[in-house]
Structures are given as C-alpha cells and as structure tokens.
Amino acid sequence: CTENYAEKYYNRADVQKAMHANTTGISYSWTACSDILLKNWKDSDDSMLPIYKKLMAAGLRIWVFSGDTDSVVPVTATRFSLSHLNLKIKTPWYPWYSGSQVGGWTEVYDGLTFATVRGAGHEVPLFQPRRAFILFQSFLAGKELPKN
Amino acid sequence: TKEQEFDRIISLPGQPPVTFSQFSGYVTVNENHGRALFYWLTEATTQPEKKPLVLWLNGGPGCSSVAYGASEEIGPFRINKTGSSLYLNKYSWNKVANILFLESPAGVGFSYTNTSSDLKDSGDKRTAQDALIFLIRWMSRFPQYKYRDFYISGESYAGHYGPQLAQAIVNYNKKFPHPIINLKGIIVGNAVTDNKYDGIGTVTYWWSHSMISDNTYKKIMHSCNFTSENSSKQCDNAVTYAVSHEFGQIDQYSIYTPSC
Chain W
1 CTENYAEKYY NRADVQKAMH ANTTGISYSW TACSDILLKN WKDSDDSMLP
51 IYKKLMAAGL RIWVFSGDTD SVVPVTATRF SLSHLNLKIK TPWYPWYSGS
101 QVGGWTEVYD GLTFATVRGA GHEVPLFQPR RAFILFQSFL AGKELPKN
Chain Z
149 TKEQEFDRII SLPGQPPVTF SQFSGYVTVN ENHGRALFYW LTEATTQPEK
199 KPLVLWLNGG PGCSSVAYGA SEEIGPFRIN KTGSSLYLNK YSWNKVANIL
249 FLESPAGVGF SYTNTSSDLK DSGDKRTAQD ALIFLIRWMS RFPQYKYRDF
299 YISGESYAGH YGPQLAQAIV NYNKKFPHPI INLKGIIVGN AVTDNKYDGI
349 GTVTYWWSHS MISDNTYKKI MHSCNFTSEN SSKQCDNAVT YAVSHEFGQI
399 DQYSIYTPSC
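Chains as they are written, first to last, in my numbering: chain W, 1 to 148; chain Z, 149 to 408.
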C-alpha cells in the first residue's frame, strides 16, 4: 500500500520544488505507474535470453534473483527461462544465509548467478530488506552468497 | 559543474538529517520531441568517490523508480502514511554504492515528453536508446562518474530494460578505446525474461503453491500456448477462472500478504 504514500508525497508542491521536478508544469498528477504507457506498449522482445548470451560473452557480471512469494513473475518462471540458456554449473545449488537463517537458495553458473530470496514478493527489498542488501553486497563484491 | 550544483537537493520536506549528498533534475534525451528524463541520485553515505554507480530501473512498463525503487525498496528514505515526512531505511543500498534512480521512459513519474504521441508508441527499443543518451549526457553533468564502475539493476519489466540498456552500452562502447560508461554488470529481480517459458513457469508456480486446482492447471496448460500475442478464448477463460474463483483476495505480488 506504500505507493499511496508516495502519491501523496510526490504531488506536494514543496517536494517537487525541492527536487527540481515538474518544472514545466506537467498536465497530469504524478503517479506511480502510467496506464497509457502500459496499454500502448509497442515493441517487446519475446525473449531476453539471446541478449543474456551476448552480455555473458561480453564478460559482464550477471545476477538474477527472485523473491519466492511472487506469483506474477515467480521463481519457477525465472528458473524455467534461465534453464534454456543451458549454462554450465560452477557452484551447485545451495542455501545461502542471512544471519542464522536461510536467505534463499542459489546456483552459480558459468556467466550468471541465480538466487532466490526466501519470503520476498515481487519487490524483494521491500519484503526482505536485509536479505536483499546482503545479496546486493555480494553482487558488488563479485563474491558468492554466504554459505553460513 | 554548475549544472550539477543546480541539481543539488538541499533538503527534502520532512527529511531527517543525513550524511550523504543527493541530486535530482532533468536530462533532455530528445530535443525534437521534447523528451526529458528525471533522475534522482543518492550518493553513498561514506566515501562516495570510491563507490560504484548503480542505476535502478523499475518495470511496468511505465512504473516509477522514484515511487518503487527509491521510496519502497532500496532508497534511503521511506514515506510515512500521511505523506508528511520521511524516515530512514536501515538497509538502503546507498550504504555501499551511489544509487541513480531513473524515471524511464518519458511519461513515467516526473519524466515527460512534449509530444503526446510518444506516450502511445513507446517501446523497448526507444526506451533503451533514450536511457543510453541519458547516461552519456548525465555523465557530462557529473563527470566524476565517468570511468567509474557502473552497474544496472532493476526488477520486473526491467528484466527487459536492464539487459537491453546493457546491450546498447556494450555496442556504444565498442567505438571507444576507453569508454566513459564503465559497465561491469547487471542484477535484476523477478524479471520478465521469456514470454513462453515465463508463462509455463508461472502457471506451474500457481499449481505448485496450491493457488489453483488440478483441474484448472490442466485446462490452462492444455489450452494456452504461451507464445502467440492473441490468446485463445479457452485459454483466457481458464486463466480468468483461476484469477476470479481460485486465487482469492490475495496480493498476487506477495501471495501470503493481505491485499492492499
């Protein structure tokens, strides 16, 4: 429900002034999502998998994570899609830890790391902020998620 | 730069004291159509000059990074219920990186276009191209971030935005021996990846998490091909039945959370 709070805050004139926002006087209120863009979206590739292959070939670090209580783009969807990259496993599936609790499960492939985040919905850092932060720290450091 | 200082946020209304700098404003990405993208940079809480730059993109398509990424998820501030004040996020990602929230494409949040038809023919390719132009021009305004380790992050439909922008940067960088956008990697969550396999995996999740009956699962798997843009009536009916009669009043984005 917190986007309702954002709708209140970012439509305040003093907030917009402080942020140097809406300087041209946009003819509609600030909203969290634009219905007109969503309804009229024109081009959308069927699959990102070919691009992932190119990015891996370019040597980029690629991490894909998934909150396991989301049913809109759920963990099985991501796993099923990534499985079609047919990547070689570097570090087999294992539970990673956040403090003394399992933060989720992960598998490191040659060129891509996949991790689940236990108890998180679509917006992972909203539902599991600490686990998301550990995940982000590990990504930046180029390290595998903690095993204990 | 002078432009950079113009974008400095002195303080946001209702904001608690903070130790980091923040900047926000517009970068024009298309002069002919009048498209301008809005950004909000929250620098790292300590030694920002030594930390990487991370771009956050939200999904939708059409949803705001300021609304979701910054204010609900990884940003330093949370908004209270009445929208009157802000409080700190203990796990803000700007503790370890400089976080750049981008409202993309034009028409999202504070980003705008002076050509109304842009709102009706927006898509993946233009979004990636505009975001690349944004980055190049933004780095002219913030030259201290040129050559800095740079990462792209995001969620949901940013599963398209992120890889597509990364590919545009990789292609752009080929022209230069020492490119200013020092892209190192991408990280995406609950990301839209592949229409067909995502679709099959989604219905499997519904079934394996007991959100739908065996009967409905079989009907959907039998009648939906998950590839064609024009779905069949049988497929639509089966999915509609699941959503209307079997899901219940749940938050589909977090199935064990009461709906808002």
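Glycine is no exception: its CB is placed at the ideal position from the N, C-alpha and C atoms.
For Ala245 (chain Z), the nearest CB of chain W lies under 8 Å from its own CB, placing it at the interface with that chain.
In chain order, Ser44, Asp45 and Met48 make up the part of chain W whose C-beta sits under 8 Å from the C-beta of His308 (chain Z). Against chain W, the CB of Cys211 (chain Z) has a partner CB under 8 Å away; the residue lies at that interface. Look at Gly396 (chain Z): its C-beta is not under 8 Å from any C-beta on chain W. Taking C-alpha positions only, Ser71 (chain W) is separated from Ser356 (chain Z) by approximately 11 Å. Identification of chain W residues near Cys408 (chain Z) by a Cβ-Cβ cut-off of 7 Å yields Cys1, ordered along the chain.
Excluding the 5 residues flanking it on each side, His84 (chain W) has same chain C-beta neighbours closer than 8 Å at Leu49, in chain order. Within chain W, no C-beta atom comes less than 9 Å from the C-beta of Thr190 (chain Z); the nearest is roughly 12 Å away.
Flagged as an interface residue toward chain W: Trp241 (chain Z), by a C-beta distance shorter than 8 Å. Counting only runs of 3+ residues, the beta strand (DSSP E) found wholly inside the segment 190-260 of chain Z occupies 201-205, 225-227, 234-236 and 246-251, in chain order. Within 10 angstroms of the beta-carbon of Gln312 (chain Z) lie 16 or more other beta-carbons, which makes it buried. According to DSSP, residue pairing for Cys33 (chain W) in a beta bridge involves Z:Cys211. Within chain W, the C-beta atoms nearer than 8 Å to that of Asp346 (chain Z) come from Val73, Ala77, Thr78, Phe80 and Ser81, in chain order. Residue state for Asn4 (chain W) is assigned as helix, using DSSP reduced to three classes. Contact annotation for Val340 (chain Z) against chain W: Met48 and Val73 [CB-CB distance below 8 Å, chain order]. Beyond the five residues adjoining it in sequence on each side, Lys344 (chain Z) comes within less than 7 Å, by CB distance, of Phe374 and Thr375 in the same chain, given in chain order.
Runs of the beta strand (DSSP E) spanning 3 or more residues and lying entirely within the segment 259-324 of chain Z occur at 297-303, in chain order. Chain-order list of chain Z residues neighbouring Asn22 (chain W): Phe258, by C-beta distance under 7 Å. Annotation: Cβ neighbours of Val214 (chain Z) in chain W (cutoff 9 Å, chain order): Ala6, Tyr10, Met19, Ala21, Trp30 and Ala32.
Taking the Cα positions, Met369 (chain Z) is about 11 Å away from Asp362 (chain Z). One Cα belongs to Asp46 (chain W), the other to Leu160 (chain Z), and the distance between them is close to 41 Å. Under a criterion of Cβ atoms nearer than 8 Å, no residue of chain Z is adjacent to Thr106 (chain W); the nearest Cβ is some 13 Å distant. Contact between the segment 182-200 of chain Z and the segment 160-174 of chain Z is present: 3 or more CB-CB pairs across the two stretches fall below 8 Å.
DSSP, reduced to helix, strand and coil, places Phe395 (chain Z) outside both helices and strands of the structure shown, so it counts as coil. Comparing alpha carbon positions, the residue from Z:Ile222, Z:Pro406 and Z:Lys198 closest to Glu123 (chain W) is Z:Ile222. Neighbourhood of Pro146 (chain W) in chain Z, by CB distance below 7 Å: empty, with the nearest CB roughly 15 Å away.
Straight-line spacing of the CA atoms in Ala115 (chain W) and Thr24 (chain W) works out to 42 Å. Scanning chain W for C-beta atoms nearer than 8 Å to the C-beta of Lys332 (chain Z) yields Leu60 and Arg61, reported in chain order.
Excluding five sequence positions before and after Thr31 (chain W), the CB atoms of its chain that fall closer than 8 Å to its own CB belong to Glu7, given in chain order. DSSP places Phe168 (chain Z) in no beta strand (DSSP E); its state is neither H nor E. In the assembly as shown, Lys199 (chain Z) is a buried residue. Its beta-carbon has 16 or more other beta-carbons within 10 Å. Annotation for Thr405 (chain Z): no alpha helix (DSSP H) segment contains it, though the beta strand (DSSP E) segment containing it runs Ser402 to Pro406. Around the beta-carbon of Tyr404 (chain Z), fewer than 16 other beta-carbon atoms lie within 10 Å, marking it exposed.
In the structure shown, the three-state DSSP call for Ile328 (chain Z) is coil.
Counting the other CB atoms within 10 Å of its CB gives Gly396 (chain Z) a total below 16, which places it among the exposed residues. Neighbourhood of Trp354 (chain Z) in chain W, by CB distance below 7 Å: Ser71, in chain order.
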